[in-house]
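Chains as they are written, first to last, in this note's numbering: chain B, 1 to 423; chain Z, 424 to 846. Okay, so here's the structure we're looking at.
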């Protein structure tokens, strides 16, 4: 029996002849995301993977509605697997905002689901780092958020030569629209066309734009000029003060398709243009009010960064780490009479925080040693009479000591080696 | 708009007047599970939260089928949110076992879903640590698995006074059954009655047992005698060698409801008997063959430990940690002219691994300092001319130094204090 199409299994490490997905690579990406988000003072939260379908249909443009994994549950509720995190965040923030000093900064790493017609390599689920700042209207918050996005990618060893954040503004586009069209109902359709401009045949886009009373040529000139608004200037200056100027450029070619963005918007792309967007986000100052039925009104902004495009990019740039064994010690039991006492030592080492492996059943000594080498462990230990013999597989050093000295010996040996490497 | 009944929101920390659930407590439990599982040489894996419904109906007793969160997707597939992890594990293990030396030891922390009629405090989702050993028939593997279960609870500060693992044997019950009944078709029903024995009115159980030709009195005597099988003796001796004898007792009152268990089975309970089972598991030597349509035949065993009962138990025993702020530094910007240079230092500190918070907008110095105290940070830092002033909120020490010395100073100060505490 196979898994469902568009879903991934995460084996501990990548299988031969399989794709890139594995739990250890996933943990590498998640751990990096978490530690960078925390360095920016963001706190982790999470919500249910299932929500009332209304939570998503209420806020979203038409684009998302047809792609939901939605169904009716046994209690006749219309429910849906979450296709994005922002509506859940807005619901939670609105419900509990009184408990938090503004602004508050939250992150989450939800798994998200979309039912899209199966395309080559296109998945129906992915994980997404979501980082949001609630309750701050200043462009300083936009800069803080974009800096975090940049540092999440840098912490995975991507550089300014690998990616760029294209910074745009819904306000700038709103002004452009308002100066040329006095029918607000057409704005959403207009944004959709702009959003597809780079992927669509220019003649097709121009015809659509003409239908709304816009000139494609004028729009391309507006994008090419890239004249930053006062707000975008503040954001860029803030990022420059942090030393992150090289990672961002003003680019009105980005507008973000979703209906709910208001102020600045941005997307991160690989410089070579081989992949879809690595991350995207922006301001959505009206969303919390919409989701809370006008009960709570807080400015907010956020971004999402998916694991799929990112991991593919890391692989293409040779930046996936060689993940080492996390087993520290293989405990050799060469004489079965020593098994009970060996078990006691194994237990002690594990309690002291070491990762310890051993053969559950009798096995020849040389086979055990070979297994230890395969696992890439740092030490083997075996009992010999009343003593323990520790062997380092890296330095080949061997030491005989009393079992109760084992833990201290291992610590000292590891610390000494690290010190020597640092000299 | 509310979340669905039976689902949890995880705010960063427990809200006032709210229940115990929060992301920081969840991370505390998950991190502990992960580190103990790794100390036992277990590797992390994961699978899709959605699977073909057939994967679950194929292997399970009737008990589970009516409780699935199942539906038909837009591609007319019968699919279900996973109610347990073992079928996914069996599917993945069967598909890739050639890549792994036997036995292999895997763990996962899936979120699981059951559609049960809503009962007070009963959730429709929970997280569950799943640990399994594939490809080893020896009772040494059962002992290794039970030791891991015990150490997961001990690492959360639960002691032998708080919980006990009740160890039983499907083989012992199978022998009991075979000696008294020659209709194997009745075995599943028989196990179901035994499984409910402790929760059901004795008269009701006795009547059901009599209907199958068994004597309730004889069964209670068999349980009371608790005569360990040779297999259980080996497991208990192994645990005794590890120093874990106090955490386990032979108890045939446990049998595990699910159909697929074969040899030893066990459940962990709080000693006071206030909660449902904390964890449960056992051998399921036939399951991988069943799931793989006879293609792969590997002995296997595992346990699941849910987060809900466990967290409630930790709370009742006063063992939930006081979670401290993970913000290290609050960077004070008392003069807006210093903001750009302060941003540069904040960026540097974050890149060096410190968690740093600051006010995004102009704020009076004393309000910033108050915010730093509320956040429980360890240090405040502010620029003063060309120098940085570091203040420890724990020792009240203050130091003036060049900005480029900041990181080294923070490391040294923290290390010195830890050394003093250890003296």
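By construction, the Cβ of each residue, glycine as well, lies at the ideal position given by its N, Cα and C atoms.
Please report the distance separating the alpha-carbon of residue i from that of residue j.
i, j, result
"residue 311/B", "residue 577/Z", "36 angstroms"
"residue 434/Z", "residue 48/B", "11 angstroms"
"residue 767/Z", "residue 407/B", "42 angstroms"
"residue 210/B", "residue 184/B", "16 angstroms"
"residue 506/Z", "residue 715/Z", "19 angstroms"
"residue 110/B", "residue 640/Z", "52 angstroms"
"residue 583/Z", "residue 805/Z", "50 angstroms"
"residue 539/Z", "residue 39/B", "41 angstroms"
"residue 743/Z", "residue 519/Z", "39 angstroms"
"residue 349/B", "residue 838/Z", "25 angstroms"
"residue 585/Z", "residue 339/B", "29 angstroms"
"residue 727/Z", "residue 702/Z", "6 angstroms"
"residue 267/B", "residue 755/Z", "31 angstroms"
"residue 94/B", "residue 297/B", "8 angstroms"
Going by beta carbon distance, what residues of the same chain come within less than 6 angstroms of residue i, once the five residues before and after it are set aside?
i, result
"residue 562/Z", "654, 657 and 658"
"residue 795/Z", "753 and 803"
"residue 399/B", "390"
"residue 29/B", "307"
With a threshold of 7 angstroms between beta-carbons, can residue i be considered close to chain Z, or not?
i, result
"residue 71/B", "yes"
"residue 364/B", "no"
"residue 220/B", "no"
"residue 86/B", "no"
"residue 23/B", "yes"
"residue 7/B", "yes"
"residue 172/B", "no"
"residue 246/B", "no"
"residue 361/B", "yes"
"residue 231/B", "no"
"residue 74/B", "yes"
"residue 387/B", "no"
"residue 423/B", "Only weak support exists for where residue 423/B lies, its pLDDT of 48 falling under 50; the value from the coordinates is given anyway. No, its Cβ sits nowhere closer than 7 angstroms to a Cβ of chain Z."
"residue 140/B", "yes"
Could you pull out every residue in the same chain whose Cβ sits closer than 7 angstroms to the Cβ of residue i, ignoring the five residues on either side in sequence?
i, result
"residue 192/B", "257"
"residue 495/Z", "501"
"residue 684/Z", "593, 705, 706 and 707"
"residue 2/B", "none"
Using a Cβ-Cβ cut-off of 7 angstroms, state whether residue i counts as contacting chain B.
i, result
"residue 538/Z", "yes"
"residue 557/Z", "no"
"residue 515/Z", "yes"
"residue 728/Z", "no"
"residue 848/Z", "Limits of chain Z in this structure are 424 at one end and 846 at the other, which puts residue 848/Z out of reach."
"residue 806/Z", "no"
Between the Cα of residue i and the Cα atoms of the options, which residue gives the shortest distance?
i, options, result
"residue 175/B", "227/B, 132/B, 148/B and 152/B", "227/B"
"residue 675/Z", "693/Z, 643/Z and 694/Z", "643/Z"
"residue 341/B", "662/Z, 722/Z, 534/Z and 823/Z", "662/Z"
"residue 314/B", "104/B, 287/B, 275/B and 108/B", "275/B"
"residue 32/B", "307/B, 335/B, 359/B and 2/B", "307/B"
"residue 760/Z", "624/Z, 785/Z, 769/Z and 497/Z", "785/Z"
"residue 124/B", "135/B, 197/B, 94/B and 112/B", "112/B"
"residue 476/Z", "460/Z, 788/Z and 499/Z", "499/Z"
"residue 99/B", "57/B, 134/B and 395/B", "134/B"
"residue 482/Z", "778/Z, 588/Z, 720/Z and 712/Z", "712/Z"
"residue 351/B", "573/Z, 491/Z, 490/Z and 560/Z", "573/Z"
If you drop the 5 nearest sequence neighbours on each side, which residues of the same chain put their C-beta closer than 8 angstroms to that of residue i?
i, result
"residue 214/B", "180, 181 and 190"
"residue 264/B", "139, 142, 167, 168, 169, 170, 171, 231, 232, 235, 282, 283 and 301"
"residue 42/B", "105, 106, 107, 131 and 148"
"residue 45/B", "89, 92, 106, 107 and 108"
"residue 198/B", "253"
According to the neighbour-count rule (16 or more other Cβ atoms, all chains shown, within 10 Å of its Cβ), is residue i buried or exposed?
i, result
"residue 846/Z", "Residue confidence is low: residue 846/Z scores 48 on pLDDT, short of 50, so the model does not pin down where it sits. Its coordinate-derived value is still stated next. That one is exposed."
"residue 402/B", "exposed"
"residue 80/B", "buried"
"residue 741/Z", "exposed"
"residue 553/Z", "buried"
"residue 834/Z", "exposed"
"residue 16/B", "exposed"
"residue 51/B", "buried"
"residue 509/Z", "buried"
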